[in-house]
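A.B. asks: Protein chains in written order, with our numbering: chain A, 1020 to 1460; chain B, 8 to 448. Note that the Cβ used here is the ideal one computed from N, Cα and C, for glycine as well. On a predicted model such as this, the values are computed, not experimentally measured, just so you know.
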């Protein structure tokens, strides 16, 4: 909808609709954190501890590893009780902080969140593996999480750059899908994986160009635009897949090879950490580089400062001579490259051949991860890993026949995202001018 | 229909010459007036968007067809053949779509070859003539209802991507009430429809309430709810103690009782059912609600300018919740039309692509009930004709999705169409997809 002309030029004057600062208090915001931790602790004790039996074996060695780490055997019930008690103790500490009796810094609060989550996961794993003959391989779980999350992580980083520049990018899904499609075709035709990777990246960028053109030049509502672009890419790739990539052409157009894992010398041999972090396909290392690049770029460089200015207060940025529209165009199109690479992972990074709707909504998950991660690169990566972790955990748990409702496990991250977005755990605020077109006056 | 308030003035400031033309009181010839009437009409834009999308779709079908590509390989030796083949492929596709959705001459021919008219009716030859139209209506029914579920909140300034979750909510209720209870004929249908409305409305209410209370953006909340409901449906269908039919592992419910089927409208050979009438009635009701009631006025007022409406004493938050609840109910009714009208069971894929299709229907319908019905019928026709088209011409059904997305992309960006056809800027845009409010508003 249009807003009066003066307000358009000064987005800062647009006050957000309802007073959202009060929302957290209305839901008992101050006590939300300690109560949540206590609930997690009670879950560990009452649900996992009470139903756990036997010993759980956790294994830390991948197959064919040079250095082997001994398996860890734990009494399931006792471990769950211990995890629960520690969680409740942490809840009490946090409560004392809320009441002002002790003072915790920001870092310590985050450490507590991490610890509670970690204990919850340990209790879950121990309960799941308790009494099972097969050892639960932690390294497989973690490395699977990391590689499964690559598209989500790269998509979320794309979203971070676009949002910071003031453009809402819902078309991440389309960028992933087109990236996967073009990477598969290019690799099949040329036989070169690197050309495939390049084409995938360019395909993501192509969707970025469409997004930038319609959002910045034609000022189409960016949410609507993103959804429509996703539909367009979904239809187009599905159509071309059926028209060109099945039947006679499937061997020539849809038969790409895939990247092999590359183990980094030395680092890859470190027990536990090595196989998880330093033994993956080139996509994993690209993700590291992009993460570092976006984090440093946005916080430590002139480009980042200007990008943030363009997203927060384009009028002020324009006044000091920053070319707002040029920045938005360039950032949206370049960010598309990242999502395109993420899409290429689907085909030439893991599965090989392309299938219709291959990204299956991971672009939307990336969007959620971006918001969940409070529009910061590391936050987005963390949230993306959380989504990837539940998926990976679900597939491993169902393979060892744990009596857990896999569908309910899969829906938890989405519920958590709603809770986070609703500000019950803390307020998420995006860049001020996000989604508002800039008209130079 | 409704004149947009003055706040929604033209997006692109008209060039000075255009201003001069539109000075009131100046003498204008009939030709000028006619030209202005055509150029400023949003209907013109929509028609041009339809034509453009059709042409692009035709080019796509032609140049992905292997016969055509071979012919174009010999373009310089036989250019006529190449162009002819391309035309045949594109025209053949659209003709097959038409035959499958509106009227197939062969069915009329076979009707007249029968010995007597009564025999023709009895053997279903008459039904065969009307079958394409019946299929169009059947396909259009859920599209119209979910389209209304997007269009109504759109008029109130909310973007409802949660059609899928609300559809699933309605489908669960409709199926459960349908198979688990025995009721007399008409009562059962009504109870199921009301249940579906409530099921969808609950999901819509949830999204609206979260938005109203915490200011969380409805797009994110509804996307997340889509996934929550998707997994929740899979969960319900994964266990015999919940909704899965006993004695099988097909993740499907029992068929609903025959008393709960929506009554057929035109004999047993045609699938057209009372759901189509429900959809038309719903469109009429929404038109009445928007244009003849205070509530509708408040919706439109909020959509035009939420801040001004709040200042004028309208309870914006309450209206957000209300409009999302009604929208959810409409999506629930769409589920009823599918479950009770054509599918008769519920499976994990029942929701189809209605959530996304609904957005294209609502946008093409310019957010107005009448427009939604027209757009729903058009897309319903495309859906109805596409399976036959794939069989007859080998063109994959996804071409429909491509055309759909192209149409909406072009409709949503009037400046693009104006630039393509050198039209003058309209005084007031039809659907204000241009100039968005941004995430934080």
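Give the straight-line distance between the Cα atoms of residue 192 of chain B and residue 139 of chain B, rounded to the nearest whole angstrom.
C.D. replies: 28 Å
A.B. asks: If the cut is a Cβ gap below 7 Å, which residues of chain A does residue 330 of chain B touch?
C.D. replies: The contacting residues do not exist; residue 330 of chain B stays about 14 Å from chain A at best.
A.B. asks: Of the residues A:1062, A:1092, A:1120, which one's Cα is nearest the Cα of residue 1107 of chain A?
C.D. replies: A:1062
A.B. asks: Quick check: what's the CA-CA separation for residue 1166 of chain A versus residue 1221 of chain A?
C.D. replies: 22 Å
A.B. asks: Would you tell me roughly how many angstroms separate the C-alpha atoms of residue 1402 of chain A and residue 296 of chain B, rounded to the nearest one?
C.D. replies: 42 Å
A.B. asks: Against chain A, does residue 402 of chain B count as a neighbour if the rule is that its beta carbon must be under 9 Å from one of theirs?
C.D. replies: yes
A.B. asks: For a contact defined as C-beta to C-beta under 7 Å, what are the partners of residue 420 of chain B on chain A?
C.D. replies: 1233, 1237, 1239
A.B. asks: Quick check: is the beta carbon of residue 429 of chain B nearer than 9 Å to any beta carbon in chain A?
C.D. replies: no
A.B. asks: Buried or exposed for residue 1413 of chain A, going by 16 or more other Cβ atoms inside 10 Å?
C.D. replies: buried
A.B. asks: Could you give the uninterrupted runs of the beta strand (DSSP E) lying entirely in the segment 1360 to 1385 of chain A, keeping only those of 3 residues or more?
C.D. replies: none
A.B. asks: Buried or exposed: where does residue 183 of chain B fall if 16 or more other Cβ atoms within 10 Å of its Cβ makes it buried?
C.D. replies: Counting Cβ neighbours within 10 Å, residue 183 of chain B comes out buried, since at least 16 surround it.
A.B. asks: DSSP state of residue 1076 of chain A, grouped into three classes?
C.D. replies: strand
A.B. asks: Which residues share a DSSP beta bridge with residue 1298 of chain A?
C.D. replies: Beta-bridge pairing links residue 1298 of chain A to A:1282.
A.B. asks: Counting only beta-carbon separations shorter than 9 Å, does residue 1375 of chain A have a partner in chain B?
C.D. replies: yes
A.B. asks: Step through the CB atoms of chain B and report whether any lies within less than 9 Å of the CB of residue 1399 of chain A.
C.D. replies: no
A.B. asks: Restricting to Cα atoms, I'd like to know which of B:302, B:118, B:347 is closest to residue 329 of chain B.
C.D. replies: B:302
A.B. asks: When you compare the CB positions of residue 1367 of chain A and residue 1275 of chain A, do they come within less than 9 Å of one another, or not?
C.D. replies: Note that the C-beta distance between residue 1367 of chain A and residue 1275 of chain A is below 9 Å.
A.B. asks: What in chain B is Cβ-close to residue 1426 of chain A, meaning under 8 Å?
C.D. replies: Simply 238, 239, 241, 242, 245.
A.B. asks: List, in order along the chain, the chain A residues whose C-beta lies closer than 9 Å to that of residue 166 of chain B?
C.D. replies: 1240, 1242, 1243, 1246
A.B. asks: Roughly how many angstroms separate the alpha carbons of residue 346 of chain B and residue 1227 of chain A, rounded to a whole number?
C.D. replies: 39 Å
A.B. asks: Count the other CB atoms, across all protein chains shown, that sit within 10 Å of the CB of residue 1461 of chain A; report buried if there are 16 or more and exposed otherwise.
C.D. replies: There is simply no residue 1461 of chain A to check, as chain A begins at 1020 and stops at 1460 in what is shown.
A.B. asks: Using a Cβ-Cβ cutoff of 7 Å, what residues of the segment 1388 to 1417 of chain A are near chain B? List them in chain order.
C.D. replies: Cβ contacts with chain B: 1390.
A.B. asks: Could you work out which residue in A:1452, A:1270, A:1417 is closest to residue 1151 of chain A when comparing CA atoms only?
C.D. replies: A:1417
A.B. asks: Using CA atoms only, rank isn't needed, just tell me which of A:1060, A:1097, A:1089 is closest to residue 1074 of chain A.
C.D. replies: A:1097
A.B. asks: Under a CB-based cut-off of 9 Å, is residue 1380 of chain A close to chain B?
C.D. replies: At least one CB of chain B lies nearer than 9 Å to the CB of residue 1380 of chain A.
A.B. asks: Are the segment 1229 to 1246 of chain A and the segment 414 to 428 of chain B in contact at 8 Å, needing three or more beta carbon pairs?
C.D. replies: yes
A.B. asks: Counting only C-beta atoms, is residue 413 of chain B closer than 9 Å to chain A at any point?
C.D. replies: yes
A.B. asks: Which same chain residues end up closer than 6 Å to residue 376 of chain B when comparing Cβ atoms and leaving out the 5 residues on each side of it in sequence?
C.D. replies: 290, 293, 294
A.B. asks: What does residue 223 of chain B touch in chain A if you count any residue whose Cβ is under 8 Å from its own?
C.D. replies: 1437, 1440, 1441, 1442
A.B. asks: Going by other Cβ atoms of all chains shown within 10 Å of its Cβ, with 16 needed for buried, is residue 356 of chain B buried or exposed?
C.D. replies: By the Cβ neighbour-count rule, residue 356 of chain B is exposed, with fewer than 16 other Cβ atoms within 10 Å of its own.
A.B. asks: Establish whether the CB of residue 1261 of chain A and some CB of chain B are separated by less than 9 Å.
C.D. replies: yes
A.B. asks: Do you know offhand how far residue 2 of chain B's Cα is from residue 1257 of chain A's?
C.D. replies: Nothing about residue 2 of chain B can be reported from this structure: the residues present for chain B run from 8 to 448 only.
A.B. asks: Please look up how many angstroms separate the CB atoms of residue 203 of chain B and residue 339 of chain B, rounded, as I've assumed it's under 8 Å.
C.D. replies: 4 Å
A.B. asks: In this structure, what does DSSP give as the bridge partners for residue 1093 of chain A?
C.D. replies: Assignment of beta-bridge partners to residue 1093 of chain A by DSSP yields A:1075.
A.B. asks: Any beta-carbon of chain A closer than 9 Å to the one on residue 31 of chain B?
C.D. replies: Residue confidence for residue 31 of chain B is low, a pLDDT of 45 falling below 50, so the modelled location carries little weight; the figure read from the coordinates is stated next. For residue 31 of chain B, the answer is no, since every Cβ of chain A falls outside 9 Å of its Cβ.
A.B. asks: Give a yes or no on contact between the segment 1192 to 1209 of chain A and the segment 1376 to 1391 of chain A, applying the rule of three or more CB pairs nearer than 8 Å.
C.D. replies: yes
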